[in-house]
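> What follows is a structure written as structure tokens; I'll ask about it next.
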Amino acid sequence: MSQFTEGEVPLSTTAERQAVTAQTGATPGRDWVIVTRGIKREYDMGGEIVRALRGVDIAIRRNEYVAIMGPSGSGKSTLMNLIGCLDTPSAGEYWLNGTLVSSMKDDELARIRNKEIGFVFQTFNLLPRATALHNVELPLVYAGMSAKQRRETAAEALDRVQLTSRMHHKPNELSGGQRQRVAIARALVNKPSILLADEPTGNLDSQTSQEIMKVFESLADQGQTVIMVTHEQDIAAHARRVVALHDGQVSSDTRRERFLEEHASAIVAKGGVVG
Amino acid sequence: MLFIEAIRLALNTIRAQKLKSFFTLLGVCIGVMFLIAVVSIVEGMGRYMEKDLIGKLIGVNSFELRHRPNINMGDMDPSVWEEYRRRPRLYHDDVRPVVDALPAGTRWAVVSDNTLPISSRYSGGPRNAQISAVEGDYFAIRRFVIVEGREFTPQELEMGTPVVIIGQDVVKRLFPGLSAVGRELRMGGLPYTVVGVLESQGSAIGISFDNQVFAPWQSPVHRLLNRVPQIIDAVIVQVPTASQMTEAQERVRQVMRTRHKLRPAQPDNFSVQTAESALEFWNKIKRYLVLAGIALPAIGLVVGAIVIMNIMLVAVAERTREIGIRKALGARRADILTQFLIEAATLSTVGAALGVALGIGLAKLISAVSPLPATVAPWSVAVGVALGAGVGIISGVYPASRASMLDPIAALRQE
Numbered sequence: 000m001s002q003f004t005e006g007e008v009p010l011s012t013t014a015e016r017q018a019v020t021a022q023t024g025a026t027p028g029r030d031w032v033i034v035t036r037g038i039k040r041e042y043d044m045g046g047e048i049v050r051a052l053r054g055v056d057i058a059i060r061r062n063e064y065v066a067i068m069g070p071s072g073s074g075k076s077t078l079m080n081l082i083g084c085l086d087t088p089s090a091g092e093y094w095l096n097g098t099l100v101s102s103m104k105d106d107e108l109a110r111i112r113n114k115e116i117g118f119v120f121q122t123f124n125l126l127p128r129a130t131a132l133h134n135v136e137l138p139l140v141y142a143g144m145s146a147k148q149r150r151e152t153a154a155e156a157l158d159r160v161q162l163t164s165r166m167h168h169k170p171n172e173l174s175g176g177q178r179q180r181v182a183i184a185r186a187l188v189n190k191p192s193i194l195l196a197d198e199p200t201g202n203l204d205s206q207t208s209q210e211i212m213k214v215f216e217s218l219a220d221q222g223q224t225v226i227m228v229t230h231e232q233d234i235a236a237h238a239r240r241v242v243a244l245h246d247g248q249v250s251s252d253t254r255r256e257r258f259l260e261e262h263a264s265a266i267v268a269k270g271g272v273v274g
Numbered sequence: 000m001l002f003i004e005a006i007r008l009a010l011n012t013i014r015a016q017k018l019k020s021f022f023t024l025l026g027v028c029i030g031v032m033f034l035i036a037v038v039s040i041v042e043g044m045g046r047y048m049e050k051d052l053i054g055k056l057i058g059v060n061s062f063e064l065r066h067r068p069n070i071n072m073g074d075m076d077p078s079v080w081e082e083y084r085r086r087p088r089l090y091h092d093d094v095r096p097v098v099d100a101l102p103a104g105t106r107w108a109v110v111s112d113n114t115l116p117i118s119s120r121y122s123g124g125p126r127n128a129q130i131s132a133v134e135g136d137y138f139a140i141r142r143f144v145i146v147e148g149r150e151f152t153p154q155e156l157e158m159g160t161p162v163v164i165i166g167q168d169v170v171k172r173l174f175p176g177l178s179a180v181g182r183e184l185r186m187g188g189l190p191y192t193v194v195g196v197l198e199s200q201g202s203a204i205g206i207s208f209d210n211q212v213f214a215p216w217q218s219p220v221h222r223l224l225n226r227v228p229q230i231i232d233a234v235i236v237q238v239p240t241a242s243q244m245t246e247a248q249e250r251v252r253q254v255m256r257t258r259h260k261l262r263p264a265q266p267d268n269f270s271v272q273t274a275e276s277a278l279e280f281w282n283k284i285k286r287y288l289v290l291a292g293i294a295l296p297a298i299g300l301v302v303g304a305i306v307i308m309n310i311m312l313v314a315v316a317e318r319t320r321e322i323g324i325r326k327a328l329g330a331r332r333a334d335i336l337t338q339f340l341i342e343a344a345t346l347s348t349v350g351a352a353l354g355v356a357l358g359i360g361l362a363k364l365i366s367a368v369s370p371l372p373a374t375v376a377p378w379s380v381a382v383g384v385a386l387g388a389g390v391g392i393i394s395g396v397y398p399a400s401r402a403s404m405l406d407p408i409a410a411l412r413q414e
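Protein chains in written order, with numbering that gives the first Met the number 0: chain A, 0 to 274; chain B, 0 to 414.
Written out as structure tokens, the structure reads:
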């Protein structure tokens, strides 16, 4: 049950996507960083059951740069929370890096989040009273690294996003773009399997957005798996694969070229894609 | 998460919110402050009682034969008073048999005392002073040092010569600016010649030990000290070593029982008083004082604990997003729990430390402006700080567990 074909997997159509799911239906191998099988998430809102996800199958390979798109209410936030191990599905399986995480307990999930996932949030979510360096150190604190090593590692991470000079500044002394770069440094400091970004440009102006997208681009080029949740088509267009959600289900799963083709008119209208 | 990291975090929080932290700490601070102050004063009084007061009243390896104890501290039962009142007095005739029964090398003295007015031609009207008529080795047992003049001679003691040895206060009052030795003072209408002046004995709880006049027991003044001239107040005995105390006391008891014709079943109708027996009551009272000294500040600590719990609940609510961030970055429940527990403990330990400092200050202030002595006991400092930390941890448990149970998604969504 644990074998599937290595190599190029076509993902351009729903049928092909289902084929992948069928192939990865068994225990996913090392090359597949994320595999979900029929995950559902239901909320009990005062007696009324809200079906946020109605059975989602996604397989993401190492080094992919994926955007998850959808209008509000499509279930993309719920999916992101599940992928980010902040939540567990009501039904279905989720394999992260070959480990079944969908049935894990709180503390195990915390460990997985610490080791495997680097979060970048729309609102940056930096600790306001801590310096940039200390913010970047946080995941290392919970990983149990010694103070000295932590400082060095965090400083290196800030160096990679060109923020060495702003290391000892607090978030309110940094610009939006700088804050998001601190958040990216923090997300990457533990060398996670996936970089999970939730509307990373939502609070940034268009120029800064492009800057941040460039950072993501270069990370993807360096082999970092990047998953980005967004409702903006032009931002999604930076990814090499776009998974669209609609009403809690995957409505399309396209590679970048096809996505650009399909949405060219809309993107051109918004001022084009850089990079 | 690292322990030190959590403490650093807590200190940062305190520094960032100074005023709020100050009010948070106030309860614990005041509780610990009063604990330290009260315990210090009780401790100081204890030391004082043991070393100075009782030591001065009853000398080393000494006991006093009296018809009833003269150091009565505390709540005496009326029936005890009644029994004391019915006891026969000691008479000068009792002295010889008692002294004869004592082991060799023992010192003894007879004393009768009362308050009488005294006067001299160098000062205004008569003033009251403590008059003691003494016989035997009184000054040696009490270790009184004569700084001017001399002691009584055996002849003076035997003949009852009207001579006196006086304390520093008497010198100041009756012979202001004069040398007292060789001059006269009057007691009970008779003149007495000053032959010696005592070194200052200091004071205890505001009562001076220097307003004293000593005369030979046989001198006329002894008639004025008690209702019947032959009555004496005490026979003081000092044995050479502590090991002889029990035996000497027992011999004195037997002599007195025989003289008072007591049957074996009857209890003693006289008292043999030692420093320990005088301290017994103090030790009892001290227990209550220490208990009160801990119970009253405990109320402060409870209030402090409630305040800290409240503030921590507010902190958890205010920092819900921070908790969400920390959880997203990999903090486990235990990490969040520890963080808030340590924050509460650090807050209240800082408060306790402040309270210790203020408490020591308060104790010193009280002992400076009042006759109450104060000694800061190291154990009370340790207890104070430990109490502070304990209060913090206890009051931090509920808020911290609330924080640790927060759902990271909901916490992150909070504005």
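Glycine included, each C-beta is placed from N, C-alpha and C at the ideal position.
Using a C-beta cutoff of 8 angstroms, does V140(A) count as contacting chain B?
V140(A) counts as touching chain B.
> Flag E246(B) as yes when its Cβ comes closer than 7 angstroms to any non-hydrogen atom of the ligand FMN, and as no otherwise.
Here there are no bound small molecules, and the ligand FMN is not part of this structure.
> DSSP three-state label for S174(A), please.
Residue state, collapsed to three classes: coil.
> Spell out whether any CB of chain B is found under 8 angstroms from the CB atom of D105(A).
So yes, D105(A) belongs to the interface.
> Among Q413(B), F143(B), Q200(B), L173(B), which has the Cα closest to the Cα of Y191(B)?
The option with the nearest alpha carbon to Y191(B) is L173(B).
> What does a CB cutoff of less than 6 angstroms around R332(B) pick up in its chain, not counting 5 residues either side in sequence?
Around R332(B): S403.
> Any idea if F2(B) is buried or exposed, counting beta-carbon neighbours within 10 angstroms, 16 or more meaning buried?
With fewer than 16 other Cβ atoms within 10 Å, it is exposed.
> Sort Q217(B), A100(B), V238(B) by Cα distance to I231(B) and report the nearest one.
Measuring from the Cα of I231(B), the nearest candidate turns out to be Q217(B).
> In chain order, what are the residue ranges of uninterrupted alpha helix (DSSP H) at least 4 long that sit wholly in the segment 30 to 100 of chain B?
Qualifying alpha helix (DSSP H) stretches, in chain order: 53 to 56, 77 to 85, 91 to 100.
> Taking CB distances under 8 angstroms as the criterion, tell me whether D43(A) reaches chain B.
Answer no: the Cβ-Cβ gap between D43(A) and chain B never drops below 8 angstroms.
> Going along chain B, which residues have a C-beta under 8 angstroms from F118(A)?
What F118(A) touches in chain B: A327, L328.
> Please work out which residues of its chain come closer than 7 angstroms, Cβ to Cβ, to K17(B), disregarding the five sequence neighbours upstream and downstream, and give them in chain order.
So the list is empty, once near-sequence residues are dropped.
> With DSSP as the reference, please indicate the residues paired to K260(B) in a beta bridge.
Per DSSP, none; premise fails for K260(B).
> If you drop the 5 nearest sequence neighbours on each side, which residues of the same chain put their C-beta closer than 6 angstroms to that of E136(A)?
Within the same chain, E136(A) has close Cβ partners R149, A153.
> I'd like to know whether the C-beta of A243(A) is nearer than 8 angstroms to at least one C-beta of chain B.
So no, A243(A) is outside the interface.
> Taking only runs of the alpha helix (DSSP H) that begin and end inside the segment 102 to 147 of chain A, which ones reach a length of at least 4 residues, in chain order?
Runs found: 105 to 115, 131 to 142.
> Please list the terminal residues of the continuous alpha helix (DSSP H) segment that includes S403(B).
Where S403(B) is concerned, the enclosing alpha helix (DSSP H) stretches over 377 to 404.
> Taking 8 angstroms as the CB-CB cut-off, is E342(B) touching chain A?
For E342(B), the answer is no, since every Cβ of chain A falls outside 8 angstroms of its Cβ.
> Mind checking L125(A): buried by the 16 CB within 10 Å criterion, or exposed?
When all chains shown are included, L125(A) counts as buried.
> Got a sec, what are the start and stop residues for the alpha helix (DSSP H) K213(A) sits in?
Looking at the DSSP string, the run of the alpha helix (DSSP H) that includes K213(A) is 205 to 220.
> Anyone know if the C-beta pair for V214(A) and R180(A) falls short of 8 angstroms?
It is a contact, given that the beta carbons lie within the stated cut-off.
> Indicate the three-state DSSP secondary structure (helix, strand or coil) for N113(B) in the structure shown.
Strand, per DSSP.
> Kindly indicate which three-state DSSP category D209(B) falls into: helix, strand or coil?
In this structure, D209(B) counts as coil in the three-state DSSP scheme.
> Please report the residue range of the beta strand (DSSP E) in which E147(B) lies.
Here the beta strand (DSSP E) through E147(B) covers 145 to 148.
> Counting Cβ pairs, one atom from each stretch, are 3 or more of them under 8 angstroms apart for the segment 280 to 299 of chain B and the segment 333 to 349 of chain B?
No, they do not touch.
> Under 8 angstroms, CB to CB, which of the residues in the segment 359 to 384 of chain B have a partner in chain A?
The residues in question: there are none.
> Is there a Cβ of chain A sitting closer than 8 angstroms to that of A316(B), yes or no?
No, A316(B) does not count as interfacial toward chain A.
> Counting contacts by CB-CB distance shorter than 8 angstroms, is A109(A) in contact with chain B?
So, interface residue.
> So the alpha helix (DSSP H) P153(B) belongs to, where does it begin and stop?
Segment 153 to 158, the alpha helix (DSSP H) holding P153(B).
> With which residues is N62(A) paired in a DSSP beta bridge?
According to DSSP, N62(A) bridges with nothing at all.
> Give the DSSP-derived three-state secondary structure of T200(A) in the structure shown.
It is coil, neither helix nor strand.
> I206(B): buried (16+ other C-beta within 10 angstroms of its C-beta) or exposed?
I206(B) should be labelled exposed.
> For L177(B), is the classification buried or exposed, using 16 other Cβ atoms within 10 angstroms of its Cβ as the cut-off for buried?
Exposed.
> Output needed for V380(B): all residues of its chain with C-beta closer than 6 angstroms, excluding positions within five of it in sequence on either side, in chain order.
So the qualifying residues of the chain are V355.
> Alpha carbons only, please: which of P102(B), R84(B), R262(B), S369(B) is nearest the one belonging to Q248(B)?
Answer by Cα proximity: P102(B).
> Given a cut-off of 8 angstroms on the beta-carbon distance, is the pair I193(A) and I33(A) in contact?
Yes, these two residues count as a Cβ contact at 8 angstroms.
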